[in-house]
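**Student:** Take a look at this one; I'll ask things after.
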Amino acid sequence: MSELTINPGVEIRNAELELRHFHARLAVASAFVLLVFALLGARFFYLQIVRHGELSTLAEANRIAILPVAPNRGIIVDRNGIVLAHNYSAYTLEIRPQDVANIDRLVDEVSTVVEIGPRDRRRFKRLLEESKAVGSLPIRTRLTDEEIARFAAHRYRFPQVEINARPFRQYPQGEIFSHVVGHIGRINQRELDRLEADGRLANYRGTDYIGKTGIEQRYEGYLHGITGVENVEVDSGGRAVRTLSRTPAVSGSNVALTLDSRLQDVAYRAFGERRGALVAIEPSTGGVLALVSKPGFDPNLFVDGIDPQSWNELNHSPDRPLLNRALAGTYPPGSTFKPYMALAALSLGKRTPQQTINDPGYFFFGGRQFRDSHEGGHGVVDLYKSIVKSSDTYYYMLANDLGIDAIARFVSRFGFGSRTGIDLSGEALGVLPSPEWKMRRFKQKWYPGETISIGIGQGYNSYTPLQLAVAIAAIANDGVVPRPHVVDYIEDSRTRERLPVAPAPARTLGLKAEHLAAVKAALVGVTREGTGRIAFQGAEYMSAGKTGTAQVIGIKQGEKYVEREVAERFRDHSLYVAYAPADRPTIALAVIVENAGFGSRAAAPIARIVLDFYLLGKLPAPPKPAKVRANASRR
Amino acid sequence: MHPAVRRIPRLVTRHVDGLLLGLVLVLMVVGLFVLYSASNASAARVTAQSVNLLVALAVLWVFANIPPHYLLRLAAPLYVAGVLTLLGVALFGDVVHGARRWLDFGVTRIQPSELMKIAVPLALAWYLHRHEATLRLTNFVVATVMLIVPVALIARQPDLGTALLIAASGFFVLFLAGLSWRIMAGAVLAGLAAAPLVWSLLHDYQRQRVLTLIDPAQDPLGAGYHTIQSTIALGSGGWTGKGWLAGTQTHLDFIPERTTDFIFAVYAEEFGFAGNLVLLALLLLVIARGLFIAANAPTLFGRLLAGAITLTFFTYAVVNLGMVSGILPVVGIPLPLISYGGTALVSICLGFGILMSISTHKRLIQT
């Protein structure tokens, strides 16, 4: 020690003192280590010697295996009790991969007995890669009776292969409900870890499936049920011989939606081959009546593991069928934004209903010309006419007078640019433009010129169809913004007790009755003498609506938009928002048809079909070439 | 033979502590045998684990050859980097399985809490070593803060198990440096007083684990199942066990995670009480050797670090054995050197490498 220390005497003594202290501490630590090991030894002695007899009897009788009993998943029905998701039982051929050295060879051998197609193989491969570590995986599902018999005769050859009766999920309505109802799929490692973190893993012993999207995912906690426990006696080979006791599983709760499946069906078909989305809401409750996203996909493909080929097709299709456009797609609202602008103008005292402007067909600001889509303009325009004829100039001026801050603050209360809080996952925020937003997003300041096109729902404006539907429902509802929800109630499988899902309205806007009346009158005017006139010709009810056309690409100054010259995917989106009956609305909706041009041409006729069916029970006439096409005015 | 060539074996073994290495190797081999049985004679598992063992031994050798004063220099930057990444995780981390533990660097994701297992004792030993001549209460306060910051960040992730282990390793440094008994007693009392508060802060699943420990039957499909089955496995082993490859609990699939966290249940069932005593003795010898190295280390840094590494190893072993034999809660901590898995093995062997470095670099160090 001393040769290491070059310091003078005092510190040497200190160092030695410290070393002595350290050794004392080490001694204490050693004593502690010995004590703990002695305790462990004592525990081992207690278990292995004292309780040996008792515990080895238990081990002998371990034979008693505790098996989970998977619960039946709750079913999903629409508001009229029509089944949207249910279970049926079928036989599957399953392999326990952890016991098999060469899976491919085993599959080859099994395929000599029961047919295993290339699709089955690909799907099995995929399952193998992403499934939880233990348990058996299906190589073939839905065996026929003959296949079962054939395999039973050869069973002795394949100890690692078994036939099991399994519940399968089925979605009888297929692609029409693909986005709302969603689908289940096999539990993957991520979900497994998630379950473990939540302490729900024990309840999933014996369950192979979990809700992946839509209602199936959001209401997983209700649909799944409680796993039961079965004590079975097993022989020395681990096979169950008889059941000793059981705590039965509790089936998952059934989920009833506010959706009307026939309305959903009508709405989905109304789109034809077009892409787009439709959201229909009951304004007073926020219950969603229809939620369509076109194109859809067949959710049944996902149930027992989708094969990679189908997956790639869905995932890479330019039509993006997996995207739920209704709540994850965002679109500029176009002229459907004007009613909110009008309400802002009235509420903030910038306009009166009678005040008029002159619309020459353009608006000059900052040396730039903002054109009205109606060539030559609409002449003298008051608030009513500004909505009915959809004057752009009126709203260019208004946006300039209000200023971006006031616009953003006012319309945000309708839910634009924030999540509506619907009980489905994956809702997009959209973009409610404001100087703060632009600074956050682009690190740039706001230019006054950018405010102008905000007034007609263009510019950075971008909202989900769901937000548009909630906003128009808020007008229908006289300023009470509903909170949309897809589920009506959850029914306990045992007690049949119904737990209603009725969220309170998001907020009340406190709009003045006369302001609302002015805008509502104009919205009715749209369907009688305005841009929605042709689509709603001869309707047996009074409806209120607003057309919209949203630019997909910017058009340069002095350039004209000629539809023929624009590639299909860059054509304008067609929008329509509506509610009906106008005096006492029972339905409010937003429709967007991608790249379909004027709002009056594609979106409004779909709204008409949906309203006709919902209010009158009238089915759409068999498809005929759309006559509405001629004469359609823009916006 | 060229003299340089003749020196190669000496160069390879110069910084290896033969006794410690021998004990580690014996435990590793025992582990492979148990793994073979636990995995139902899976050669693939044993091969994979052998690869893990080789990697771990390489890490051990590399660290044995790094002189302690390099580690001394590395301590502070490593600690700071660790705390910063923990902060990064808290602010921008990926939420995986509901816990925020990973930091995505684009190329790779790292789990900083793993790094802190070695960085914390290293930093504390470095700090106390720097103030060696004038250690007083303020130094201990600073060191405690240095410990609490990363522990709190990790506990928030939430990763209570790792947080507690790191807290323990840091505490060992403080304890060996001579933290006053009175303060420790005060801390224990304060801890007891704060217990109700801590209980209210725990996540539901963490409470469940504690409750399940008290009454395993409460949760027969979840954590309680593990305890019930591993207790039966242990108890049915008796004096000498059922023999290698003959454990019924094991081979009838009753023991969950039997190659990883619960591998000791397999061992105890097949080798009985006698086997357990042998295992305890082997572990005790490893710990004794570690403490011996600590006692003879030439610098305070070496002493504290060696002591803390050894006692941390002890803690891992005890927590695992206690968990499998049903006297500690089920936390996911493997049995060091025995359980299947690479990460824990490498960090344990890294610690042993440092131990060997401390024991074999004596002459080269100036205080």
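Keeping their order, the protein sequence lines are chains H and Z.
Numbering-wise (the numbering used here), the first sequence opens with residue 138 and increments by one.
Numbering-wise (the numbering used here), the second sequence opens with residue 14 and increments by one.
From the three backbone atoms N, C-alpha and C, an ideal C-beta is built for every residue, glycine too.
Here the structure is a predicted model, which means the values were calculated and not measured.
#1: In this structure, how does DSSP classify Phe474 of chain H when only helix, strand and coil are distinguished?
#2: Along chain Z, in chain order, which residues have C-beta atoms closer than 8 Å to that of Ala166 of chain H?
#3: Quick one: list the residues of chain H neighbouring Val299 of chain Z, beta-carbon separation under 9 Å, in chain order.
#4: Under 9 Å, do Thr422 of chain H and Pro619 of chain H count as touching if we go by C-beta distance?
#5: My guess is that Ala643 of chain H and Gly558 of chain H are in contact by the Cβ rule of under 8 Å, so how many angstroms apart are they, rounded?
#6: Show which residues of chain H have a CB atom less than 7 Å away from the CB atom of Tyr238 of chain Z.
#7: Which first and last residues belong to the alpha helix (DSSP H) in which Gln185 of chain H is found?
#8: For Phe408 of chain H, count neighbouring Cβ atoms within 10 angstroms of its own Cβ and tell me buried if that reaches 16, exposed if not.
#9: Using a Cβ-Cβ cut-off of 9 Å, state whether Ser249 of chain Z counts as contacting chain H.
#10: Quick check: is the beta carbon of Glu231 of chain H nearer than 9 Å to any beta carbon in chain Z?
#11: If we cut at 9 Å on Cβ distances, does Leu295 of chain Z have a partner in chain H?
#12: Under 6 Å Cβ to Cβ from Ser373 of chain H, same chain only, skipping five residues before and after it: list those, please.
#13: Mind checking who Gln506 of chain H pairs with in its DSSP beta bridge?
#14: So what's Phe295 of chain H in DSSP terms, helix, strand or just coil?
#15: Provide the residue(s) that pair with Asp496 of chain H in DSSP beta bridges, ordered along the chain.
#16: Once you ignore the five residues that flank Lys269 of chain H on each side, which residues in its own chain have a CB closer than 8 Å to its CB?
#17: Can you tell me where the beta strand (DSSP E) with Ser711 of chain H in it begins and where it stops?
#18: With respect to the alpha helix (DSSP H) encompassing Arg58 of chain Z, which residues constitute its N-terminal and C-terminal limits?
#19: Could you give the C-beta distance for Ile276 of chain Z and Leu48 of chain Z, rounded to a whole number, given that I count them as a contact under 8 Å?
#20: Given that Phe174 of chain H touches chain Z, what residues does it touch there, using C-beta distances under 7 Å?
#21: If the criterion is Cβ atoms closer than 9 Å, does the pair Ser388 of chain H and Ser590 of chain H meet it?
#22: Kindly provide the ranges of any alpha helix (DSSP H) runs that are 4 or more residues long and lie completely inside the segment 200 to 254 of chain H, ordered along the chain.
#23: Exposed or buried, His28 of chain Z, counting other C-beta atoms within 10 Å across all chains shown (16 or more means buried)?
#24: Gly311 of chain H and Pro458 of chain H - do their beta-carbons sit closer together than 9 Å?
#25: Whole angstroms are fine: how far does the CA of Glu410 of chain H sit from the CA of Leu400 of chain H?
#26: Which two residues bound the contiguous alpha helix (DSSP H) that contains Pro548 of chain H?
#27: List the residues that DSSP assigns as beta-bridge partners of Gly413 of chain H.
#28: Could one say the Cβ of Phe295 of chain H lies closer than 9 Å to chain Z's Cβ atoms, at least one of them?
#29: For Thr686 of chain H versus Ser510 of chain H, is the C-beta distance shorter than 9 Å?
#30: Tell me the DSSP secondary structure of Phe408 of chain H in three-state form.
#31: Can you check DSSP and say which residues form a bridge with Gln307 of chain H?
#32: Between Gln581 of chain H and Gln595 of chain H, what straight-line distance do the alpha-carbon atoms span, to the nearest angstrom?
#33: If you draw a straight line from the C-alpha of Pro445 of chain H to the C-alpha of Leu332 of chain H, how long is it?
#34: Please report whether the beta-carbon of Gly358 of chain H lies at a distance below 9 Å from any beta-carbon of chain Z.
#35: Using 10 angstroms around the beta-carbon of Tyr293 of chain H, count the other beta-carbons present and answer buried if the total reaches 16, otherwise exposed.
#36: From H:Leu660, H:Ser447, H:Ser454, H:Tyr468, pick the residue whose C-alpha is nearest to that of Lys475 of chain H; which is it?
**Tutor:** So, from the listed chains and residues:
#1: Residue state, collapsed to three classes: helix.
#2: Phe185, Phe188, Leu189, Leu304, Gly320, Leu324
#3: Neighbourhood of Val299 of chain Z in chain H, by CB distance below 9 Å: empty, with the nearest CB roughly 11 Å away.
#4: yes
#5: 7 Å
#6: Ile203
#7: Unbroken run through Gln185 of chain H: none, as it is neither H nor E.
#8: buried
#9: yes
#10: no
#11: no
#12: A caution first: Ser373 of chain H carries a pLDDT of 48, below 50, which makes its placement in the model too unreliable to give a value.
#13: H:Phe501
#14: coil
#15: H:Gly516
#16: The pLDDT assigned to Lys269 of chain H is 46, lower than 50, so where the model puts this residue is not dependable; a value taken from the coordinates is nonetheless given after this. So the qualifying residues of the chain are Ile324, Asn325, Gln326, Leu329.
#17: Where Ser711 of chain H is concerned, the enclosing beta strand (DSSP E) stretches over 710 to 717.
#18: Boundaries of the alpha helix (DSSP H) harbouring Arg58 of chain Z: 56 to 77, taken from the DSSP string.
#19: So it is a contact: roughly 7 Å between Cβ atoms.
#20: Leu293, Leu297
#21: no
#22: 240 to 248
#23: buried
#24: no
#25: 18 Å
#26: The sequence shown places Val at residue 548 of chain H, not Pro. First-last of the alpha helix (DSSP H) with Val548 of chain H: 541 to 549.
#27: H:Lys431, H:Val730
#28: False, the Cβ-Cβ gap to chain Z never drops below 9 Å.
#29: Going by C-beta atoms, Thr686 of chain H is nearer than 9 Å to Ser510 of chain H.
#30: Under the three-state reduction of DSSP, Phe408 of chain H is assigned to coil, being neither helix nor strand.
#31: H:His223
#32: 19 Å
#33: 26 Å
#34: no
#35: exposed
#36: Across the set H:Leu660, H:Ser447, H:Ser454, H:Tyr468, the C-alpha of H:Leu660 shows the shortest separation from the C-alpha of Lys475 of chain H.
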